[in-house]
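Novice: Provided herewith is a single structure, encoded as structure tokens, for subsequent inquiry.
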Amino acid sequence: MPRSLQERLAILSDAAKYDASCASSGTERRQSAGKSGLGSTTGSGICHSYAPDGRCISLLKILLTNFCVYDCAYCINRSSSNVERARFTPDEVVWLTLEFYRRNYIEGLFLSSGIIRSADHTMEQLVQVARDLRQRHNFRGYIHLKTIPEASSGLIAQAGLYADRLSINVELPSDASLATLAPEKRPAGIRRSMGDVRMRIEAAAEPSLQTKRRQRFAPGGQSTQMIIGADSTNDAGILASAARLYGSYGLKRVYYSAFSPIPDASSRLPPARPPLAREHRLYQADWLYRYYGFAVDEVTASRPDGMLDLTLDPKLAWALAHRAHFPVDVNRAERAMLLRVPGLGVKAVDAIIASRPHRRLRLEDLARLRIPLRKARAFLLAEGWTGQRMVDRADLVKLVQPRGQQLALL
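Under the numbering used here, the first residue of the sequence shown is numbered 2, with each subsequent residue one higher.
Structure (structure tokens):
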């Protein structure tokens, strides 16, 4: 008996939850001259992502289908998996997106799919959804398409014309792991597709010689996802792989998704998922690399096994291992060193630097800037205060990291 649309929606939205690379940061509002389009990332809105300014973005996150011709060991939707299967037509996805938007449930669409028939056939259907939303229905909301790396370059080029962001999953941190757990995937093909997307994004950013206007191609950039804990790669190896991806392909984001055990799993997979704290620490370390000036080997050097400390955030772990660099003079230190102080984020450091020409800063001034002094004060010198009293104490961790706050971002 054919499944109802509601039943298929339940199956395919649940199947999509394993993809962590669902974000709408880096996009821009689409406008049409003289037209009022449907959808906007500036309104209010069952997947929640966050923009750089902290806005919560609600997206309809579904698979076109969870049928797949590939048999990747770590994937719940692999061809040998005994799961309920379902499939949408492109027209059904378009209708769902528009109806969910009209009901103010969502502000955009995140669409992925298992591989059916072939990579090109699947990619054609994903592109059809985005094209119909844009051209037939004048949809101006956010669209994120998960592209198929084996698909033709022409189809990926079309996807970038209609989607705000494209993503191609590298799946695992190393080629060796991918060969073991997903032998049908080709790492070289994944990298080639990512490189193609980068070149098209960069080309679109340059003004046209004829129109002097920039073209539009995936204005939100591209992202990728790595599954963590399905293989034996340590955190140092994962972060080194992420650093290469950022440098080579100009990614907006690498997402780290903790491996989740699946029914009838292969003996090649671990029996249990890694601690969720590991995923969180990787995101923190990734942030330090991208925005705080840390090198990958600095972040992971505190432990000989190349793993991040699950009990300490990586910036605090680095500071504890390099106490000789502290305390830092809040009134004189360079920005790069202030960014290494636990508790000081980018905005806080910029606020400190902007305030210094006007007065000598005291701890009370930092409190007015809403800086978490419990963590930062041990590592700072300020007018009337020296953290030297605290930074050398053996019980420093207890002083700066109260119980229940072990997962604080900074």
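Backbone N, C-alpha and C fix where the C-beta goes; we use that ideal spot for every residue, glycine too.
Report the rounded CA-to-CA distance for ARG304 versus ALA189, giving the unit in angstroms.
Specialist: Rounded to whole angstroms, ARG304 to ALA189 spans 32 Å at the Cα level.
Novice: In this structure, how does DSSP classify GLN226 when only helix, strand and coil are distinguished?
Specialist: The answer is strand: DSSP assigns GLN226 an E or B state.
Novice: What span of residues does the alpha helix (DSSP H) with LYS253 cover, start to end?
Specialist: Careful: LYS253 lies outside any alpha helix (DSSP H) and carries neither H nor E.
Novice: Please confirm whether ARG269 and THR181 have their CB atoms less than 8 Å apart.
Specialist: Contact flag set, yes.
Novice: Where DSSP assigns a beta bridge to VAL329, which residues make up the other side?
Specialist: Per DSSP, LEU381.
Novice: Residues in its own chain within less than 7 Å of ILE229 by CB, not counting five upstream and five downstream?
Specialist: Counting only Cβ-Cβ distances below 7 Å, and skipping sequence neighbours, we find ILE239, TYR257, SER258, ALA259, PHE260, PRO275, ARG279, GLU280, LEU283.
Novice: Assuming the contact rule is C-beta atoms closer than 8 Å, LEU65 and LEU127 should be a hit. Round their C-beta distance to whole Å, please.
Specialist: Their Cβ separation, rounded to whole angstroms, is 6 Å, which keeps LEU65 and LEU127 in contact under 8 Å.
Novice: Pick from LEU97, GLU108, PHE327, MET124: whose alpha carbon is nearest that of GLN7?
Specialist: Cα-wise, what sits closest to GLN7 is LEU97.
Novice: Output needed for GLY251: all residues of its chain with C-beta closer than 6 Å, excluding positions within five of it in sequence on either side, in chain order.
Specialist: Same-chain partners within the cutoff: ARG199.
Novice: What are the boundary residues of the beta strand (DSSP E) that includes TYR163?
Specialist: Segment 154–163 is the alpha helix (DSSP H) holding TYR163; no beta strand (DSSP E) there.
Novice: Please report how far the alpha carbon of ALA302 lies from the alpha carbon of SER242, in whole angstroms.
Specialist: C-alpha separation (whole angstroms): 16 Å.
Novice: CB-CB under 6 Å to MET195, same chain, minus the five flanking residues each way: which ones, in chain order?
Specialist: Once the five neighbours on either side are set aside, the close Cβ partners of MET195 are ILE169, TYR250.
Novice: Could you work out which residue in CYS73, ALA355, GLU100, ASP15 is closest to ALA87 when comparing CA atoms only?
Specialist: Minimum Cα distance to ALA87 is reached at ASP15.
Novice: Taking the continuous beta strand (DSSP E) assigned at PHE111, which residues delimit it?
Specialist: Taken as a continuous stretch (DSSP letters only), the beta strand (DSSP E) holding PHE111 covers 109–113.
Novice: Rounded to whole angstroms, what's the CA-CA distance from VAL398 to GLN226? Just pull it up for me.
Specialist: Taking the straight line from one Cα to the other gives about 33 Å.
Novice: Would you identify the three-state DSSP class for LYS62, choosing helix, strand or coil?
Specialist: Three-state result, LYS62: strand.
Novice: Give the straight-line distance between the Cα atoms of ILE116 and MET308, rounded to the nearest whole angstrom.
Specialist: In a straight line, the C-alpha of ILE116 is about 34 Å away from that of MET308.
Novice: Among the candidates VAL130, ILE263, ARG336, whose CA atom is the shortest distance from the CA of PHE89?
Specialist: Looking at the Cα atoms, VAL130 is the closest of the given residues.
Novice: State the Cα-Cα distance for the pair ALA120 and GLY155, rounded to the nearest angstrom.
Specialist: Approximately 12 Å between the Cα atoms of the pair.
Novice: Let me know the secondary structure DSSP gives GLU151 once reduced to three states.
Specialist: Of the three classes helix, strand and coil, the one that applies to GLU151 here is coil, per DSSP.
Novice: Exposed or buried, LYS316, counting other C-beta atoms within 10 Å across all chains shown (16 or more means buried)?
Specialist: Label assigned to LYS316: buried.
Novice: Within its chain, find whatever has a CB closer than 8 Å to the CB of VAL392; leave out the 5 residues flanking it on each side and keep chain order.
Specialist: Cβ neighbours of VAL392 beyond the five flanking positions: ARG324, PHE327, PRO328, ALA379, PHE380.
Novice: Per DSSP, which one or two residues make a beta bridge with PRO3?
Specialist: Paired residues: none, contrary to the question.
Novice: I need the straight-line Cα distance from THR123 to SER114, nearest angstrom please.
Specialist: If I take the Cα positions, the gap works out to 7 Å.
Novice: If GLU85 sits next to ILE12, beta carbons under 8 Å apart, how far is it from one beta carbon to the other, in whole angstroms?
Specialist: Confirmed, about 5 Å.
Novice: Using 8 Å as the threshold, is the C-beta distance between THR234 and SER153 below it?
Specialist: Cβ atoms of THR234 and SER153: not closer than 8 Å.
Novice: I'd like to know whether the C-beta atoms of TYR290 and VAL347 end up nearer to each other than 8 Å.
Specialist: Result no, Cβ atoms of TYR290 and VAL347 do not sit closer than 8 Å.
Novice: For ARG161 versus PHE111, is the C-beta distance shorter than 8 Å?
Specialist: The residue asked about is misnamed: residue 161 is Gly in this sequence, not Arg. No, the Cβ-Cβ distance between GLY161 and PHE111 is not below 8 Å.
Novice: Among residues of its own chain, excluding the 5 on either side of GLN136, which ones have a beta-carbon nearer than 6 Å to its beta-carbon?
Specialist: Result list for GLN136: empty, nothing under 6 Å.
Novice: Would ASN67 be called buried (16 or more neighbouring beta carbons within 10 Å of its own) or exposed?
Specialist: That one is buried.
Novice: Considering just the uninterrupted stretch of the alpha helix (DSSP H) at LEU317, what are its terminal residues?
Specialist: 315–322 is the span of the alpha helix (DSSP H), which, as asked, contains LEU317.
Novice: Report the CB separation of ALA337 from GLY294 in whole angstroms; it is logged as a contact under 8 Å.
Specialist: That pair is a contact at about 5 Å.
Novice: Residues bridged to GLU172 by DSSP?
Specialist: Answer by DSSP bridge pairing, in chain order: MET227.
Novice: Among the candidates ARG132, SER80, CYS73, CYS76, whose CA atom is the shortest distance from the CA of VAL94?
Specialist: Checked all of ARG132, SER80, CYS73, CYS76; the closest Cα to VAL94 is ARG132.
Novice: On the CB-based measure, 16 or more other CB atoms within 10 Å of its CB, does CYS76 come out buried or exposed?
Specialist: So CYS76 counts as buried.
Novice: Since LEU173 and ASP92 should fall inside the 8 Å C-beta cutoff, what is the C-beta to C-beta distance between them, to a whole number of angstroms?
Specialist: Between ASP92 and LEU173 the Cβ distance is about 35 Å, and since that is not below 8 Å, they are no contact.
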